[in-house]
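Enquirer: Per the working numbering, residue 1253 is the first one in the sequence shown, and the count goes up by one each step.
From the three backbone atoms N, C-alpha and C, an ideal C-beta is built for every residue, glycine too.
This structure is in structure tokens; I'll ask about it shortly.
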Amino acid sequence: MARKFGETEMAPRTAAYFEKLSQGKFDLDWFENTKTEWGVRVQPTKRGVLLNDINVGSYGEVPEHSLPGTGMAPRGAELDADLPSLGYRLNNKYEVWSVNAASLYEEAKTRQWNATTDIPWHELRQLPEDLERAMCQVCTLLTEVEFIAADLPAKWMHQIHQNYHEVKCFLASQVIDEARHLEVFRKRALVNGGGLMRATKEAEDALQAIIEAPTYSMASSFMHVLGEGMVLSLFRAGELIGKTDVDKRIFRMCMQDEARHVSYGTMHLKYYLENHPNPRAAREEVNHILSKGEGMMLAMFGVPEFLEPLMILAGGGIEGMKDAKPAVGGIWQKMVHEYFGRCDRAGVSERRQLCRLPAQLPM
């Protein structure tokens, strides 16, 4: 029951404490009796102090299972009684963990760039209209893709138990990466005399399936391993076929960020499959979402709004589209080949037999 202290109504413990303070007394129970590991010392290096550097003693013990009713207390803190439950749903390490999450977070901090000042926009030269339209169509699609790549981690972050703060920190870095990506592609579409082009139903259907995936690991497999992985391959191709140094730099800068996201997802999938209490069910779940995703990726990328802009860019204009078909077919082959490599590293090499993506496009 609340008590009054002067004119202010206070909780009993608060009122009792202020009563003690008014008598010149202190509590200091937190000072004398907190039951946590004390005396931890980490020697900074030339790099500073990394997140993994402070994972020492009991503070470095990442629990396999976490109690949901522990508020936002940091890992290793003494927990007061009756902490509120904040509705965390992802309370098992295997549901979110990746062995490289902390190192990827550190890399993300050191490799941030600014889409306003680190792209030499003033050097962007005028392009023939067919090349500009093609580039703007690519940028329209990539802006869509980057929206979902930010929304998906944001959707799940607040459901991850705070004991897995390395993962939460990494996902937060992904959100800011993707915000920068959608910013840079929108700017590129609007800065050089062009404009936004067409958003397709096929792309939107695929993005909807990602955001609506029923579990975090299914969503991560679909987005990080399959979707963002294929976009990473596209960024590499974009640097090759981009028609200005500015365009090449945009793809190159986005590529370094995207590689982190794909790496996290690949290693999370590996950890998930190796540590799930029901490995068979986990594998069936992953193969189900990847089969669904592969079909949707084929629909998303197998449309004129995707393939023809690439042909125009690779061929140097509309007149060169026919000659550019082998080059664009090669981009697709590389996308599929690199996807299989990620599946192998994650431990789902059966995708090579089960995959719904054709090794070659019927062009």
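Relative to the C-alpha of E1557, which residue among G1572, E1313 and E1454 is closest?
Expert: Nearest of G1572, E1313 and E1454 to E1557, Cα basis: E1454.
Enquirer: If you follow the beta strand (DSSP E) that M1262 is in, where does it begin and where does it stop?
Expert: Per DSSP, M1262 belongs to the beta strand (DSSP E) from T1260 to M1262.
Enquirer: Are the segment 1474–1490 and the segment 1342–1361 touching, with three or more C-beta to C-beta distances below 8 Å?
Expert: Contact fails: fewer than three Cβ-Cβ distances are below 8 Å.
Enquirer: Which residue or residues does DSSP assign as beta-bridge partners of T1362?
Expert: T1362 is not bridged to any residue.
Enquirer: Tell me which residue opens and which closes the alpha helix (DSSP H) that W1282 is part of.
Expert: Unbroken alpha helix (DSSP H) run through W1282: D1281 to N1285.
Enquirer: Would you mind giving the Cβ-Cβ distance between M1549 and L1609, rounded to the nearest angstrom? I have them listed as a contact below 8 Å.
Expert: With a Cβ gap of about 7 Å, M1549 and L1609 count as contacting.
Enquirer: What would DSSP say about T1452, mapped onto helix, strand or coil?
Expert: DSSP places T1452 in coil when its eight states are reduced to three.
Enquirer: How would you call G1309, buried or exposed, if buried means at least 16 neighbouring beta carbons within 10 angstroms?
Expert: By the neighbour-count rule (16 or more Cβ atoms within 10 Å), G1309 is not buried but exposed.
Enquirer: Is it buried or exposed, A1611, if we count other Cβ atoms within 10 angstroms and call 16 or more buried?
Expert: A1611 should be labelled exposed.
Enquirer: Mapping the DSSP letters down to three states, classify L1273 as helix, strand or coil.
Expert: DSSP places L1273 in helix when its eight states are reduced to three.
Enquirer: Within the continuous alpha helix (DSSP H) that includes Y1416, where are the two ends?
Expert: First-last for Y1416: undefined, no H or E at that position.
Enquirer: Please determine if the segment 1439–1453 and the segment 1514–1529 are in contact, where contact requires at least 3 C-beta pairs separated by less than 8 Å.
Expert: In short, these stretches do not touch, since the Cβ pair count stays below three.
Enquirer: With the cut-off set at 7 Å, would you say V1314 and I1412 are in Cβ contact?
Expert: Taking 7 Å as the Cβ cut-off, V1314 and I1412 do not qualify as a contacting pair.
Enquirer: Our contact map puts F1474 next to I1541 with C-beta atoms below 8 Å; I'd like the distance itself, whole angstroms only.
Expert: Going by Cβ atoms, the distance from F1474 to I1541 rounds to 5 Å, so yes, they are a contact pair.
Enquirer: What's the C-alpha gap between A1465 and E1537?
Expert: If you take the alpha carbons of A1465 and E1537, they lie about 11 Å apart.
Enquirer: Ignore the nearest five residues each way along the sequence and tell me which others in L1335's own chain have a CB closer than 8 Å to its CB.
Expert: Taken in chain order, the residues that qualify are G1321, T1322, G1323 and A1325.
Enquirer: Check for me: the alpha helix (DSSP H) holding S1473 runs from which residue to which?
Expert: S1473 -> no alpha helix (DSSP H), and no H or E assigned at all.
Enquirer: Put T1297 into one of helix, strand or coil per three-state DSSP.
Expert: Three-state DSSP puts T1297 in a strand.
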